[in-house]
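Shown next, in structure tokens, is the structure this report addresses.
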Amino acid sequence: MFFWCACCLMVAWRVSASDEHCPELPPVDNSIFVAKEVEGQILGTYVCIKGYHLVGKKTLFCNASKEWDNTTTECRLGHCPDPVLVNGEFSSSGPVNVSDKITFMCNDHYILKGSNWSQCLEDHTWAPPFPICKSRDCDPPGNPVHGYFEGNNFTLGSTISYYCEDRYYLVGVQEQQCVDGEWSSALPVCKLIQEAPKPECEKALLAFQESKDLCEAMENFMQQLKESGMTMEELKYSLELKKAELKAKLL
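Letter by letter, the sequence shown follows residues -17 to -1, 1 to 234 of mature numbering (1 follows the signal peptide of the UniProt record, and there is no 0).
Right, here's the structure in full:
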């Protein structure tokens, strides 16, 4: 069964008049073929009739060599493509028709992720999308920044424990369990331990010690000046210089 869209034939014939068109494709059983010109290229589209679904490329184009890019399309029995479920099974055992529903079930040690049923629609698609069967074992967990986990068994029911590096503490659940392919809690984080501020009494003690050291240094310096035989003005000037020098060191 082979058809050309009537509204597009004029474009095809117009191109064929110069003998520069692609050769006519062999018919694909149980399909309708529509050809049209788009931006200087001849595009062809296959549409399967009701009760059949497309296998292969739906849209073909005539390339620069005046050849079709693909000719392996076919329409197979069954309005929608055959369902697929790795590590599981479904209720359908043959070609499906429009509005047919199928149900899905996973093998032992696998859990169903998604809808447990799907329906064949008029446009040859399934809805909801097919589910997947996921292993009940868990993937290896990640490490938090500045942290790590202990444990090398990730099968169903196994547990691991998280720890942080020195100077960091854990925020979150430390021990986690593998439950139906997922870890029981979110990945914890390791936060830096902030140093506690110095108490006010300690600050006051440090300030007192600094003042005491300054006074002792000034007294020693004055004694040295007196013993040197300097005049009062010279002593005063030297004292001010020494005072400024000591203050600068304490800052």
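Virtual Cβ for every residue (Gly too), placed ideally from N, Cα, C.
Presumed contact (8 Å Cβ cut-off) between residue i and residue j, rounded CB distance
| i | j | result |
| --- | --- | --- |
| Ile94 | Asp163 | 5 Å |
| Tyr35 | Leu60 | 6 Å |
| residue 309 | Pro111 | Residue 309 lies beyond the range of the chain shown here (-17 to 234); nothing can be said about it. |
C-alpha gap between residue i and residue j, whole angstroms
| i | j | result |
| --- | --- | --- |
| Val69 | Gly134 | 30 Å |
| Lys41 | Thr56 | 7 Å |
| Lys84 | Phe73 | 10 Å |
| Gly39 | Ile15 | 15 Å |
| Gln206 | Ala227 | 18 Å |
| Gln102 | Gly77 | 14 Å |
| Pro66 | Tyr29 | 21 Å |
| Ser118 | Pro124 | 15 Å |
| Asn90 | Ser82 | 26 Å |
| Phe(-16) | Pro10 | For Phe(-16), the predicted structure reports a pLDDT of 35, less than 50, and the residue's modelled location is therefore unreliable. A value from the coordinates is still provided. Near 5 Å, if we compare the C-alpha coordinates of Pro10 and Phe(-16). |
| residue 240 | Asn80 | The requested residue 240 is not part of the displayed model; the chain covers only -17 to 234. |
| Glu148 | Glu178 | 16 Å |
| Phe87 | Glu165 | 21 Å |
| Glu202 | Leu224 | 14 Å |
| Leu26 | Ser48 | 14 Å |
| Pro114 | Ser75 | 15 Å |
| Glu158 | Tyr131 | 12 Å |
| Phe44 | Gly155 | 57 Å |
| Val18 | Glu105 | Looking at the sequence shown, residue 18 is not Val but Ala. The straight-line gap from Cα to Cα measures roughly 23 Å. |
| Thr142 | Ser98 | 29 Å |
| Pro180 | Glu210 | 46 Å |
| Asn46 | Gly71 | 42 Å |
| Val21 | Trp109 | 30 Å |
| Gln24 | Trp100 | 41 Å |
Nearest to residue i (by Cα), restricted to the options the options
| i | options | result |
| --- | --- | --- |
| Gln160 | Cys173, Asn136, Phe44 | Asn136 |
| Leu139 | Ser167, Gln157, Gly155 | Ser167 |
| Cys116 | Lys96, Gln24, Glu20, Ser48 | Lys96 |
| Cys198 | Val154, Glu217, Leu222 | Leu222 |
| Pro6 | Asn99, Glu217, Trp51 | Trp51 |
| Leu153 | Leu104, Gln24, Ile143, Lys174 | Lys174 |
First through last residue of the beta strand (DSSP E) which encompasses residue i
| i | result |
| --- | --- |
| Lys19 | 14 to 21 |
| Ile143 | 142 to 147 |
| Ile85 | 84 to 89 |
| Gly36 | Correcting the residue identity first, residue 36 is His in this sequence and not Gly. Residues 35 to 38. |
| Ile115 | 115 to 118 |
| Phe132 | 130 to 133 |
| Trp100 | 100 to 103 |
| Val30 | 24 to 31 |
| Glu50 | No beta strand (DSSP E) holds Glu50; DSSP gives it neither H nor E. |
| Cys161 | 158 to 162 |
| Gly71 | 71 to 73 |
| Glu7 | Where Glu7 is concerned, there is no enclosing beta strand (DSSP E), given that its DSSP letter is neither H nor E. |
| Cys58 | 57 to 60 |
| Thr42 | 42 to 44 |
| Val154 | 151 to 154 |
Residue i and residue j closer than 9 Å at C-beta
| i | j | result |
| --- | --- | --- |
| His92 | Asp122 | no |
| His107 | Leu37 | yes |
| Cys58 | Ile32 | yes |
| Ile176 | Tyr151 | yes |
Near the ligand ADP: residue i beta-carbon under 8 Å from a heavy atom
| i | result |
| --- | --- |
| Lys117 | Absence of the ligand ADP from the depicted structure is noted, as is the absence of any ligand whatsoever, leaving it without description. |
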